[in-house]
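Worksheet for the structure shown next.
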Amino acid sequence: MSIEIKDLSYVYSPGTPYACTALDKVSLTVDEGDFVGIIGKTGSGKSTFIQHLNALIRLQSGSLKVFGIDLSAKKPDLKKLRGTVGMVMQYPEYQLFDETVEKDVSYGPKNLGLSEEEIKGRVREAIGLVGLDYDEVKDRSPFELSGGQKRRVAIAGVIAMKPRVLVLDEPTAGLDPRGKREILSLVHKLKETSSPTVLIISHDMDAVAEHCNKVALFSKGKIASVGSPREIFYDDALLNETEMDRPAVVRIVKEMEQRGVILPERPVTRAEFVAAVKRWRDA
Amino acid sequence: MHNVVFGQYYPSDSVVHRLDARMKLLAVILYIVTVFFVVDYAMYAALFLFVFAVALIAKIPLKVLFRTVRTIVFLVLITSIINLFFTQGDTLWVHWHFIKIYREGVERAIKLALRLILLMLFPSILTLTTTPMELTDALESLMSPLKLLKVPVHAIALIMSIALRMIPILVEETEKIMQAQKARGADFDTGGALKKAKAMIPVLVPLFVGAFRRADELALAMDARCYSSVAKRTKYRVMRFALRDLFASLFCIAVFSLVFLNKYLWPFDEMILSLFGSL
Numbered sequence: 017m018s019i020e021i022k023d024l025s026y027v028y029s030p031g032t033p034y035a036c037t038a039l040d041k042v043s044l045t046v047d048e049g050d051f052v053g054i055i056g057k058t059g060s061g062k063s064t065f066i067q068h069l070n071a072l073i074r075l076q077s078g079s080l081k082v083f084g085i086d087l088s089a090k091k092p093d094l095k096k097l098r099g100t101v102g103m104v105m106q107y108p109e110y111q112l113f114d115e116t117v118e119k120d121v122s123y124g125p126k127n128l129g130l131s132e133e134e135i136k137g138r139v140r141e142a143i144g145l146v147g148l149d150y151d152e153v154k155d156r157s158p159f160e161l162s163g164g165q166k167r168r169v170a171i172a173g174v175i176a177m178k179p180r181v182l183v184l185d186e187p188t189a190g191l192d193p194r195g196k197r198e199i200l201s202l203v204h205k206l207k208e209t210s211s212p213t214v215l216i217i218s219h220d221m222d223a224v225a226e227h228c229n230k231v232a233l234f235s236k237g238k239i240a241s242v243g244s245p246r247e248i249f250y251d252d253a254l255l256n257e258t259e260m261d262r263p264a265v266v267r268i269v270k271e272m273e274q275r276g277v278i279l280p281e282r283p284v285t286r287a288e289f290v291a292a293v294k295r296w297r298d299a
Numbered sequence: 000m001h002n003v004v005f006g007q008y009y010p011s012d013s014v015v016h017r018l019d020a021r022m023k024l025l026a027v028i029l030y031i032v033t034v035f036f037v038v039d040y041a042m043y044a045a046l047f048l049f050v051f052a053v054a055l056i057a058k059i060p061l062k063v064l065f066r067t068v069r070t071i072v073f074l075v076l077i078t079s080i081i082n083l084f085f086t087q088g089d090t091l092w093v094h095w096h097f098i099k100i101y102r103e104g105v106e107r108a109i110k111l112a113l114r115l116i117l118l119m120l121f122p123s124i125l126t127l128t129t130t131p132m133e134l135t136d137a138l139e140s141l142m143s144p145l146k147l148l149k150v151p152v153h154a155i156a157l158i159m160s161i162a163l164r165m166i167p168i169l170v171e172e173t174e175k176i177m178q179a180q181k182a183r184g185a186d187f188d189t190g191g192a193l194k195k196a197k198a199m200i201p202v203l204v205p206l207f208v209g210a211f212r213r214a215d216e217l218a219l220a221m222d223a224r225c226y227s228s229v230a231k232r233t234k235y236r237v238m239r240f241a242l243r244d245l246f247a248s249l250f251c252i253a254v255f256s257l258v259f260l261n262k263y264l265w266p267f268d269e270m271i272l273s274l275f276g277s278l
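Each protein sequence line maps, in turn, to chains A and B.
Sequential numbering from 17 applies to the first sequence in the numbering used here.
Sequential numbering from 0 applies to the second sequence in the numbering used here.
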């Protein structure tokens, strides 16, 4: 168990007329190696939830443990926590600030207090991991790169801290279809190479169905349901009640079922779909 | 967050809220001038009564009104104390070592404190009952005669309203960037002043870049809608000087005149004292 969240509640501006409950007794367990998709409408509490994972929001009530770091403790080890949980915010390219790409990426590792040599190595590795040419970009200003490249540099800045958990808040927002595919395959690569546990907030149900092994559906500050993509995306009552979309694969399967084509099993990814259709054809 | 968006605007449904912002603004300016002419304690009391009455009509709790005074408590204390010890006069009340306190000093300290508090209270009612946008519109309207002198009144008002609109956006952006850099291990809270200032660079650079980006986008969006600063424009909310504004103006003028009558014709304090003396 890498992350354990129990009865987490959070109220914005408590005790004022503007008080607003963002999270209401949310519990979730994430195991090492999980690829968790966090879905839900705007304002359902997703962002507030993931901000807790990095102690960007102080715990109000409930308990939260990340790899043994207890956030309900009086003074949790924030430095260690932030080296453990890497957070890629929405539009991360807007946080770039330094003169060169190399300096910007080394900001995180520097804050961790690593040695000069270690930092250099990590920066080189991180820039390579996000698919940029280290020697070509290291001395360029991050502000003269293209939008997609900027986002990669920003993600490299988080990767260079070598987090065991990678948390991404809508990493594909504002990108074209190709950019979306590239960032998603990058996330997949990062999961396999550097950060084995990934949590991702996304409004792209296709991406969630394709990549995640666990889906948490947020609705009105609560987790309406947690399960495999198959359990979530074929639960009609749940999806209708929370007004969520279905991935394209699920929509096609539903359409086929209405026309009398019943596949041997219910697929959620494209590969599963193709396999299921082949098996149905051969049967 | 709310505080930044509306300043200290206190939403409620009252006559004072609905008064013409131009009238309120003029009343506040007159009031500020008037306060400097107050002499007698009775007049101070009368002005406090006036302010409380307006607050009552505006449905603003006194607690909310006095919150604004909290910001100047320090200033009030300092000026009063200085005046208490350094005013020379005829009637010596306290003499201890080198400390001399005169009757005049005490009186002056009290009156200065009262004056500062009065100066803070009534303008607060203006900002509590008027949104920053209304205030900007009022300023534009009041400054419009300057157009004859080729002062770009409309442009100034537009700059003010855009600035007001941008404040909450920039605050929100600052919070976001600070969170992002905190997630990368930034530490904004420890260390000396220099270290803290240095720690803000990773926040300020993206903030400025973002502000310029937004300004660019806004200029483009305005241009795309054929905005021109010289064209004659109409307002969505048209300000009208209504009957209630007339009554409110008359009421204010009556109260303010009292101050001048008191200073030049009727010494209220003496009149009250002699009244008690004759009993």
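The C-beta atom is built at its ideal place from N, Cα and C for all residues, glycine as well.
Within chain B, Gly184 have C-beta atoms less than 8 angstroms from the C-beta of Gly99 (chain A), given in sequence order.
Under the three-state reduction of DSSP, Glu48 (chain A) is assigned to coil, being neither helix nor strand. Here Val27 (chain B) is not near Ile56 (chain B), since their CB atoms are 8 angstroms or more apart. Scanning chain B for C-beta atoms nearer than 9 angstroms to the C-beta of Pro280 (chain A) yields nothing, as the closest lies near 45 angstroms away. The stretch 160-180 of chain A and the stretch 109-118 of chain A touch, with no fewer than 3 CB-CB distances between them shorter than 8 angstroms. With respect to chain A, the C-beta atom of Ile168 (chain B) has no partner C-beta closer than 8 angstroms. Around Val46 (chain A), no beta-carbon contact reaches into chain B at under 9 angstroms, the shortest distance being about 18 angstroms. Secondary structure at Glu281 (chain A): coil, using DSSP grouped into helix, strand and coil. The beta carbons of Val34 (chain B) and Leu117 (chain B) sit about 5 angstroms from each other, so the pair counts as a contact at 8 angstroms. Interface residue (Cβ-Cβ distance to chain B less than 8 angstroms): Lys95 (chain A) is classified as such. Using a CB distance cut-off of 8 angstroms, Gln7 (chain B) does not count as an interface residue toward chain A. Excluding sequence positions up to five before and after Val254 (chain B), its CB lies within less than 6 angstroms of the CB of Phe49, all in the same chain and listed in chain order. Boundaries of the alpha helix (DSSP H) harbouring Val50 (chain B): Tyr40 to Ile56, taken from the DSSP string.
Gln111 (chain A) reaches chain B at Ile176, Ala179, Gln180 and Pro205, counting residues in chain order whose Cβ is nearer than 7 angstroms. The straight-line gap separating the alpha-carbon atoms of Ile248 (chain A) and Ile54 (chain A) is approximately 12 angstroms.
The beta carbon of Leu128 (chain A) falls within 8 angstroms of a beta carbon belonging to chain B, placing the residue at that interface. Lys197 (chain B) counts as exposed, since fewer than 16 other beta carbons sit within 10 angstroms of its beta carbon. Close partners of Phe159 (chain A) in chain B (Cβ separation under 8 angstroms): Val208. In the three-state reduction of the DSSP assignment, Met103 (chain A) falls in the strand class. Taking 8 angstroms as the Cβ-Cβ cut-off, the stretch 59-88 of chain A approaches chain B at Gln67, Asn70 and Leu72, given in chain order.
Distance from Val52 (chain A) to Val214 (chain A) at the Cβ level is roughly 7 angstroms; contact confirmed, criterion being Cβ atoms closer than 8 angstroms. Proximity to Lys110 (chain B) across B:Tyr8, B:Phe47 and B:Ala223 peaks at B:Phe47, based on C-alpha coordinates. Along the stretch 170-183 of chain A, going in chain order, the ones with a CB nearer than 8 angstroms to a CB of chain B are Gly173, Val174 and Met177. Fully enclosed alpha helix (DSSP H) runs of no fewer than 4 residues occupy 242-263 of the stretch 205-266 of chain B, in order along the chain.
Within the same chain, Cβ atoms closer than 7 angstroms to the Cβ of Gln106 (chain A) are found at Asp185, Glu186 and Ala189, the five residues on either side in sequence being excluded. In the assembly as shown, Ile135 (chain A) is a buried residue. Its beta-carbon has 16 or more other beta-carbons within 10 Å. Rounded to the nearest angstrom, the gap between the Cα atoms of Glu172 (chain B) and Asp47 (chain A) is 33 angstroms. Taking C-alpha positions only, Gly84 (chain A) is separated from Glu152 (chain A) by approximately 40 angstroms. Ranking A:Leu145, A:Glu257, A:Leu161 and A:Ser244 by CA distance to the CA of Lys205 (chain A) puts A:Leu145 first.
Neighbours of Pro201 (chain B) across chain A, judged by C-beta separation under 8 angstroms: Gln111, Phe113, Asp114 and Tyr123.
Pairing Val266 (chain A) with Val284 (chain A) gives a Cβ-Cβ distance under 8 angstroms. Note on the stretch 98-184 of chain A: whole alpha helix (DSSP H) runs with a minimum of 4 residues are 117-121, 123-127, 132-145, 150-153 and 163-175, in chain order. As a beta-bridge residue in DSSP terms, Lys230 (chain A) pairs with A:Val52.
Among the CB atoms of chain B, none fall inside 8 angstroms of the CB of Pro193 (chain A). For the set A:Leu24, A:Leu69 and A:Asn256, the Cα lying nearest the Cα of Thr100 (chain A) is the one of A:Leu69. Pairing Val202 (chain B) with Gln180 (chain B), the inter-Cα distance amounts to about 7 angstroms.
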